[in-house]
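Participant:
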Amino acid sequence: PIDASNVSDHVVRGQYTQGWSGGVSVPGYTEEQGCTNGDSDTETYVAIKAHIDNWRWAGVPFYLRTGKRMAEKMTEIVITYKKLPHNIFSNADNIPNSLVIRLQPNEGIEMKMVSKLQSLRDKLSLVTHDLNLDFQGSSEMNRIPDAYERLFLDAINGDQSLFVGRSEIEESWRWCDKLIGACESQQVATKTYHAGSWGPAKAELLIEKDGRSWHA
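Just so we're aligned: the sequence shown equals residues 597 to 812 in this note's numbering.
1) Grouping DSSP H, G and I as helix and E and B as strand, with all else coil, what is A600?
2) Just reading off the alpha helix (DSSP H) that K774 is part of, what are its end residues?
3) Start and end of the beta strand (DSSP E) containing A812?
4) When the Cα atoms are used, what is the spatial distance from M709 to V696?
5) Look at the alpha carbon of T626 and the alpha carbon of P681, and state the distance between them as a whole number of angstroms.
6) By the three-class DSSP mapping on this structure, what secondary structure does I803 have?
7) Is it the case that the Cβ atoms of S791 and S617 are separated by a distance below 8 Å?
8) Evaluate the contact criterion for the stretch 609-623 versus the stretch 777-791: three or more CB pairs, one atom per stretch, below 8 Å.
9) Where do the ends of the beta strand (DSSP E) carrying L727 lie?
10) Considering only the beta carbon of each residue, do V784 and V642 sit closer than 8 Å?
11) Using three-state DSSP, classify A751 as helix, strand or coil.
12) Under a three-way DSSP split, which group does L606 fall into?
13) Please work out which residues of its chain come closer than 8 Å, Cβ to Cβ, to C779, disregarding the five sequence neighbours upstream and downstream, and give them in chain order.
14) Find the nearest neighbour of K669 within the set A654, T632, L699, judged by alpha-carbon distance.
15) Can you list, in chain order, the residues of its chain whose CB lies under 6 Å from that of L727, leaving out five sequence neighbours each side?
16) On a CA-only basis, which of S793, V674, R665 is nearest P692? Give me that one, please.
17) Use the C-beta contact count for S799: other C-beta atoms within 10 angstroms, 16 or more gives buried, fewer gives exposed.
18) Around the Cβ of G663, are there at least 16 other Cβ atoms within 10 angstroms (buried) or fewer (exposed)?
19) Mind checking who M707 pairs with in its DSSP beta bridge?
20) Less than 7 Å between C-beta atoms, sequence neighbours within five positions excluded: which residues of the same chain meet that for I740?
What follows is the structure, encoded as structure tokens:
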């Protein structure tokens, strides 16, 4: 579990500074209208390496990151499969297959698969192919309803099937509060990143030290 003894190795806090977003120069967080404390270290970004302590997910790392003023507004889940222990292809970096679940925008599912190059001239070499299921393109509807539209409609109709329960919300906050408390007790510094970027450099090191990289 993440606690005061190891929080600095598993959590990265960040705050955006002046940068560019959508081709427009934007101020840093402490320069934003409404921010009354110019020395505020309130985080606008967080990256976490976490584990789930049960038999199904034992040994599987979960890398989470979220933030404001990022390079792109998107929500996705990326499942990266294990690399093969041996690589017999000369030109390959042993890139693993991955499954990308896009929640927004451009809802869909994409399978990135590494396979042999179909050629009569080249030797055995690998290339990455994308199998893309685009919900918007495959739907007969002119526009797929936004996720919140469905939730608002279900709330009006009294349908709670897509809502999380109270116990799950309380457990989520219990986990978050523990992380916040550990960061405060160990005075985990807030790292800066430019608006319009993918976050602080330390967040890259968080995942790169395990031989992995963020999906973008």
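Virtual Cβ for every residue (Gly too), placed ideally from N, Cα, C.
Facilitator: The answer reads as follows:
1) coil
2) 762-781
3) First-last for A812: undefined, no H or E at that position.
4) 11 Å
5) 48 Å
6) helix
7) Residue identity check: residue 791 is Ala in the sequence provided, not Ser. For A791 and S617, yes; Cβs fall inside 8 Å.
8) yes
9) 722-730
10) no
11) helix
12) Inspection of the sequence shows that residue 606 is occupied by His rather than by Leu. If DSSP states are grouped into helix, strand and coil, H606 belongs with the helices.
13) V603, V607, R609
14) L699
15) M707
16) V674
17) According to the sequence displayed, residue 799 carries Ala and not Ser. By the neighbour-count rule (16 or more Cβ atoms within 10 Å), A799 is buried.
18) buried
19) L695, L727
20) E703, F731, Q732
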